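Asks:
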Amino acid sequence: MVESSASSLSRRAFIERLGGIGGTGLVLAGMSALGFGIESAVAAPPVLSGGGGKKVVILGSGVAGLTSAYELSNAGYDVTVLEARDRVGGRSYTARKGTQLTELGGEPQTCNFDEGYYINPGPWRIPYHHRAYLHYAKKFNVPLELFNNDNDHSYSYFDRGSGPLNGKAIRKQEIAADTRGYATEMLAKQVNQGALDAEFSPGDKELFLAYLRSEGYLTGKDFKYVGTEGRGFITDPGAGLNPGVPSKPYALTDILHSNTWATLKSVSDYDQQRTMFQPVGGMDQMPAGFVRNLRPHIIRKGHVVEKIAQDADKVIVSYVDDKGQRGTVVADYCICTIPLSVLRSIDMQVTPAFKKAISGVSYAPVGKIGLQMKRRFWEEDHAIYGGHVYFDNPDISSIAFPSTGWLGPKGVLLGYYQFGTNAAKISAKSLADRQAFAVAEGQKVFPQYAENVESSFSIAWHRVPHNLGGWAEWSPDGRKESYPILNEPDGRIYLAGEHLSYLTGWQEGGMESAWQQITKLHKRVHA
Amino acid sequence: MADFGKTVLVSALLGLATVLVAGAASAQPAPAAAPMDGETMFTQNCSACHQVTGKGIPGAFPALAGDAFVAGPPETVAAVVLNGRGGMPTFAKDLSNDEIATILTYVRSAWGNKASPVTPAIVAKVRGGDMVEPPKGSIQAH
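Chains A and B, in that order, are what the protein sequence lines are.
Numbered according to this note's numbering, the first sequence terminates at residue 532, and the numbering increases by one at each position without gaps.
Numbered according to this note's numbering, the second sequence terminates at residue 1552, and the numbering increases by one at each position without gaps.
#1: Where do the ends of the beta strand (DSSP E) carrying residue 160/A lie?
#2: Using a 10 Å radius around the Cβ and a threshold of 16 neighbouring Cβ atoms, would you call residue 412/A buried or exposed?
#3: Assuming residue 459/A and residue 512/A make a contact with CB atoms under 8 Å, what is their CB distance in whole Å?
#4: Check whether the Cβ of residue 1457/B lies closer than 8 Å to any Cβ atom in chain A.
#5: If you check the beta carbons only, do residue 122/A and residue 394/A fall under 8 Å apart?
#6: Below 7 Å on C-beta distance, what does residue 1504/B contact in chain A?
#7: Check whether chain A comes within 8 Å of residue 1476/B, counting only Cβ atoms and requiring the distance to be less than that.
#8: Could you tell me how far apart the beta carbons of residue 389/A and residue 156/A are, in whole angstroms, since I believe they sit closer than 8 Å?
#9: What's the C-alpha gap between residue 183/A and residue 271/A?
#10: Taking the beta strand (DSSP E) that residue 339/A falls in, what are its first and last residues?
#11: Just reading off the alpha helix (DSSP H) that residue 389/A is part of, what are its end residues?
#12: Enumerated in chain order, which unbroken segments of the alpha helix (DSSP H) with a length of 4 residues or greater are wholly contained in the stretch 453-486 of chain A?
#13: Using a 10 Å radius around the Cβ and a threshold of 16 neighbouring Cβ atoms, would you call residue 504/A buried or exposed?
#14: Measure how close the beta-carbons of residue 516/A and residue 68/A come, nearest whole angstrom, since I'm counting them as under 8 Å.
#15: Pull the bridge partners of residue 101/A from the DSSP assignment, please.
#16: Check distances from the C-beta atoms of the stretch 352-367 of chain A to those of chain B and list, in chain order, the residues that come in under 7 Å.
#17: Taking residue 523/A as the reference, which of 66/A, 74/A and 58/A has the closest Cα?
#18: Leaving out five residues on either side along the sequence, give the residues of the same chain with a beta carbon under 7 Å from the beta carbon of residue 1509/B.
#19: From the DSSP output, which residues share a beta bridge with residue 85/A?
#20: I need the DSSP call for residue 292/A, collapsed to helix, strand or coil.
#21: So the alpha helix (DSSP H) residue 1530/B belongs to, where does it begin and stop?
#22: Determine, using beta carbons only, whether residue 23/A comes closer than 8 Å to chain B.
#23: Quickly, what does DSSP pair residue 497/A with across the bridge? List them, please.
#24: For the stretch 105-134 of chain A, which residues have a CB atom closer than 7 Å to at least one CB atom of chain B, in sequence order?
#25: For a cutoff of 8 Å on Cβ pairs, would you count residue 323/A as touching chain B?
#26: Take every Cβ of the stretch 307-317 of chain A, pair it with every Cβ of the stretch 343-359 of chain A, and state whether three or more of those distances are shorter than 8 Å.
#27: Checking contacts by CB at 8 Å: is residue 466/A closer than that to chain B?
#28: Can you list the alpha helix (DSSP H) stretches of 4 or more residues lying completely in the stretch 380-440 of chain A, in chain order?
#29: Mapping the DSSP letters down to three states, classify residue 258/A as helix, strand or coil.
#30: So, at 8 Å on beta carbons, what are the nonlocal neighbours of residue 1528/B in its own chain, with the 5 sequence-adjacent residues on each side left out?
#31: Return the first residue and the last residue of the beta strand (DSSP E) that residue 5/A is part of.
#32: DSSP puts residue 372/A in a beta bridge; with which residues?
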């Protein structure tokens, strides 16, 4: 994004002028168009062969470990996977009836949802450009369904602004129609008065006005915003003599002071765009797909790594298993996918620079709660099918509705999804208090909320053993100083995982990191 | 998305301002939310990991009770709260200098710790003019 031409300066001037006219909302929309997303760069796994029975020990059976195990096995390597838990998948995880979790310093928790209902406490949505994930979904016949990541008819609930819309649930379609309607109307007025003539090349002005009219649903002749069908009806149009009763726009000042315009963007961030998917039946279906396609017995569950040693010829991994037995696995190479938040406390025979680099990253505190509801009131009473309710209270951030089981008897919704210090704070509550907090906030939006809650399952990833955080968060300094070191092997030890990608917190990052590291390992074996 | 994160923070501040004004204007002001004590703020912000006992969880969350680092130079301790370290997030955006000072003073005197209080001025000095970048994370993170 290096731009130094006169045209970029003029664009900046244009955006600044938008700020003067349309408020910061337009500037933000303009600025976000200048940003850039990070694309998953590789479309297919490396083609490897001739592993020749070399032994590789893989630490961790999340998607990075499973990807490594699958591809290396196929290439003829002798693979052993050590997994600390009694299940595979790591953060690719689904909580359903009987799922047990005890956070560090927390109470034991057993998921008590009805059969067939679940929450994905970790990753939950797959963007269309996460090609490694989609590759394995196809390969392993893991059926996908659409994940609704944006719902025009859902609400925002902001109560930290002011004015009559503060503390009210407002439909996204109303916020979007009114904010953009007024903004384009004002901009069109300036254009028609000649205030922006200097910005236009010959012929631009008429086209720009046509765009503004289209974007904001402005009236044909005088470029006024008077509302539009898309913001919804007071009474929907129907049969016979019912043309419907149109809704009326809110006042601009009320929209502005509600701050709900902050949910609008010209286009979603790259990693939040439609189309999005989820595996049918829960996120753990992908790890299950890997397991179906791996040779039996190569994953040893309940094996907690205590020490990773190496010499010129081999790697020796010491573990303690779930029966308290200690042992070692000796291999030619190691692919270690243990999160750096956990790895930093494991005795590891690497250079001091490598060891230091492992500590050069922080991990995100992240909290989620699934609430099983007796009936799907968001669908039945509010016509909301999937999508999110956004809050400006960062202790909640969002409520999300299930993208499955439409119109069924019950449903499990996501009651909060908070990060950082907010997650630290909420996770200090007891399980019962977490639920009570989530329900009290949801009740502000839906009068039916509290009366329908049947049970909950909550997670605070920073307190989960073997994870100690939701995902890696690299600072610019960490990316510069530590990250490059960890992307290269230390002796015979290779790291892989979402933490070694620019797609941190996404399964795609783990898979593509695995592809990259096993390619390096394979080249070395064949050097 | 980072834009949204900042916006939410700004609106949080606006909300706070409104509450204060409302409190000042009413005839019988609700007792202005008394500044919370260090123990309460510690319980809210820190205890999920470091535990109310200050003992942490071995291998995961460092103990603060009887810890030499905690009792060390206040600037270094404040820097960890402001910048984060290892698995710990930065609290720079969420806690004021006063609040951080209050919490650290509590931590340095609780559970048998006997280190000097931390003043807001010390926290301000460590914070400097350079605001720490908030971690990427907002309403739609992943």
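Note that beta-carbon positions come from the ideal geometry of N, C-alpha and C, so glycine has one too.
Just so it is clear, the structure is predicted and the values come from calculations on it, not from any experiment.
Replies: This is what the structure gives:
#1: Taking the first residue of the first sequence as 1, we reach residue 160/A at position 155. Per DSSP, residue 160/A belongs to the beta strand (DSSP E) from 160-163.
#2: Within the first sequence, numbered from 1, the residue matching residue 412/A stands at position 407. The residue is exposed, with fewer than 16 neighbouring Cβ atoms inside 10 Å.
#3: By one-based count along the first sequence, residue 459/A stands at place 454. By one-based count along the first sequence, residue 512/A stands at place 507. 30 Å between Cβ atoms; not a contact.
#4: Position 47 of the second sequence, counting from 1, holds the residue named residue 1457/B. With 8 Å as the cut-off, residue 1457/B counts as an interface residue toward chain A.
#5: Sequence index remark: in the first sequence, residue 122/A carries index 117 (1-based). Sequence index remark: in the first sequence, residue 394/A carries index 389 (1-based). The answer is no: Cβ separation not under 8 Å.
#6: Along the second sequence, read from residue 1 onward, the residue named residue 1504/B stands at position 94. Correct list: 426.
#7: Residue numbering aside, residue 1476/B sits at position 66 when the second sequence is read from its first letter. By this cut-off, residue 1476/B is not an interface position.
#8: The residue given as residue 389/A occupies position 384 in the first sequence. The residue given as residue 156/A occupies position 151 in the first sequence. 6 Å between Cβ atoms; contact.
#9: Here residue 183/A corresponds to residue number 178 of the first sequence, with the count starting at 1. Here residue 271/A corresponds to residue number 266 of the first sequence, with the count starting at 1. Cα to Cα, the separation comes out at about 14 Å.
#10: Residue mapping note: residue 339/A aligns to position 334 of the first sequence, counting from 1. Per DSSP, residue 339/A belongs to the beta strand (DSSP E) from 338-341.
#11: Translated into the one-based positions of the first sequence, residue 389/A becomes position 384. Counting along the chain, residue 389/A falls outside any alpha helix (DSSP H), and DSSP gives it neither H nor E.
#12: 454-457 and 481-486
#13: Translated into positions along the first sequence, residue 504/A becomes position 499. Classification for residue 504/A: buried.
#14: Here residue 516/A is taken as the residue at index 511 of the first sequence, counted from 1. Here residue 68/A is taken as the residue at index 63 of the first sequence, counted from 1. Correct: roughly 5 Å between the Cβ atoms.
#15: Your numbering for residue 101/A matches position 96 in the first sequence. In the DSSP output, where bridge partners are listed per residue, residue 101/A has 123/A.
#16: 364 and 367
#17: By 1-based counting over the first sequence, the position of residue 523/A is 518. Considering only alpha carbons, the answer is 74/A.
#18: Here residue 1509/B refers to the residue found at position 99 when the second sequence is read from its first residue. Excluding sequence neighbours, residue 1509/B sits near 1451.
#19: Residue numbering aside, residue 85/A sits at position 80 when the first sequence is read from its first letter. Answer by DSSP bridge pairing, in chain order: 62/A.
#20: Residue numbering aside, residue 292/A sits at position 287 when the first sequence is read from its first letter. Of the three classes helix, strand and coil, the one that applies to residue 292/A here is helix, per DSSP.
#21: Numbered from its first residue, the second sequence carries residue 1530/B at position 120. Residues 1530-1537.
#22: As a first step, residue 23/A is located in the first sequence; it is residue number 18 there, counting from the start. Residue confidence is low: residue 23/A scores 40 on pLDDT, short of 50, so the model does not pin down where it sits. Its coordinate-derived value is still stated next. No, residue 23/A does not count as interfacial toward chain B.
#23: Reading the first sequence from its first residue, position 492 is the one you call residue 497/A. Note: residue 497/A sits in no beta bridge, so no partner.
#24: Per Cβ criterion, the list reads 109, 110 and 128.
#25: Walking along the first sequence from the start, residue 323/A turns up at place 318. No, its Cβ sits nowhere closer than 8 Å to a Cβ of chain B.
#26: yes
#27: Against the first sequence, residue 466/A aligns to sequence position 461. No, because no Cβ of chain B sits closer than 8 Å to the Cβ of residue 466/A.
#28: 382-385 and 425-432
#29: Translated into positions along the first sequence, residue 258/A becomes position 253. Residue 258/A: helix per DSSP, three-state reduction.
#30: As a working note, residue 1528/B is residue 118 in the second sequence. Here the set comprises 1484, 1487, 1488, 1510, 1511, 1514, 1515 and 1518.
#31: Outside the shown range of chain A (6 to 532) lies residue 5/A, about which nothing can therefore be said.
#32: One-based indexing of the first sequence puts residue 372/A at position 367. Answer by DSSP bridge pairing, in chain order: 423/A and 465/A.
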